[in-house]
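Structure record follows, encoded as structure tokens.
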Amino acid sequence: MLTEITPIQVRYKEAEFGTDELAEAIESVAFLDEPLFEEAQQPLQVQVVDKLADMLFASDMVLDMLRDERNRIPPHLLAVEPQVRRLYDEVNDLMKKLAD
Numbered sequence: 349m350l351t352e353i354t355p356i357q358v359r360y361k362e363a364e365f366g367t368d369e370l371a372e373a374i375e376s377v378a379f380l381d382e383p384l385f386e387e388a389q390q391p392l393q394v395q396v397v398d399k400l401a402d403m404l405f406a407s408d409m410v411l412d413m414l415r416d417e418r419n420r421i422p423p424h425l426l427a428v429e430p431q432v433r434r435l436y437d438e439v440n441d442l443m444k445k446l447a448d
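For the sequence shown, my numbering gives the first residue as 349, with consecutive numbering after it.
Here's what the structure looks like:
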């Protein structure tokens, strides 16, 4: 899918960025006829497990942030820890079932 940049868009962005910056930005844009992600070529189960791994990683990071003793964690953020822990555990269980 090729997207054409119209003269109106160029003038609008030119006012926002300046001519040199705009030209550089336009040159850096890649127009791809192929899918942006290679994962679309992978089997569906692999794609699902990959997204679950992203969720697992993100929930683990949230738990780490909530346990960080270097910062004072507000009570309203601490209140979400049990739900995030449950999410982590459920996603982990799902991944185990799908990876077997």
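Here a beta-carbon is modelled for each residue, glycine too, at the ideal position from N, C-alpha and C.
Predicted model, so just to flag it, every value in this text is computed and none were measured.
7 angstroms CB neighbourhood of Lys-445 in its chain, flanking five on each side removed: none
CB-CB length for Leu-400 against Val-439, believed under 8 angstroms: 5 angstroms
Span of the alpha helix (DSSP H), counted from its first residue to its last, around Val-439: 429-447
Through-space distance from Asp-398 to Met-443, alpha-carbon basis: 9 angstroms
Name the residue from Pro-422, Met-409, His-424, Pro-423 whose alpha carbon lies nearest to the alpha carbon of Leu-290. Nothing about residue 290 can be reported from this structure: the residues present for the chain run from 349 to 448 only.
Is the distance from the Cβ of Ile-421 to the Cβ of Leu-411 below 7 angstroms? no
On a CA-only basis, which of Val-394, Gln-390, Leu-404 is nearest Ala-447? Give me that one, please. Val-394
Collapsed DSSP secondary structure at Pro-423 in the structure displayed: helix
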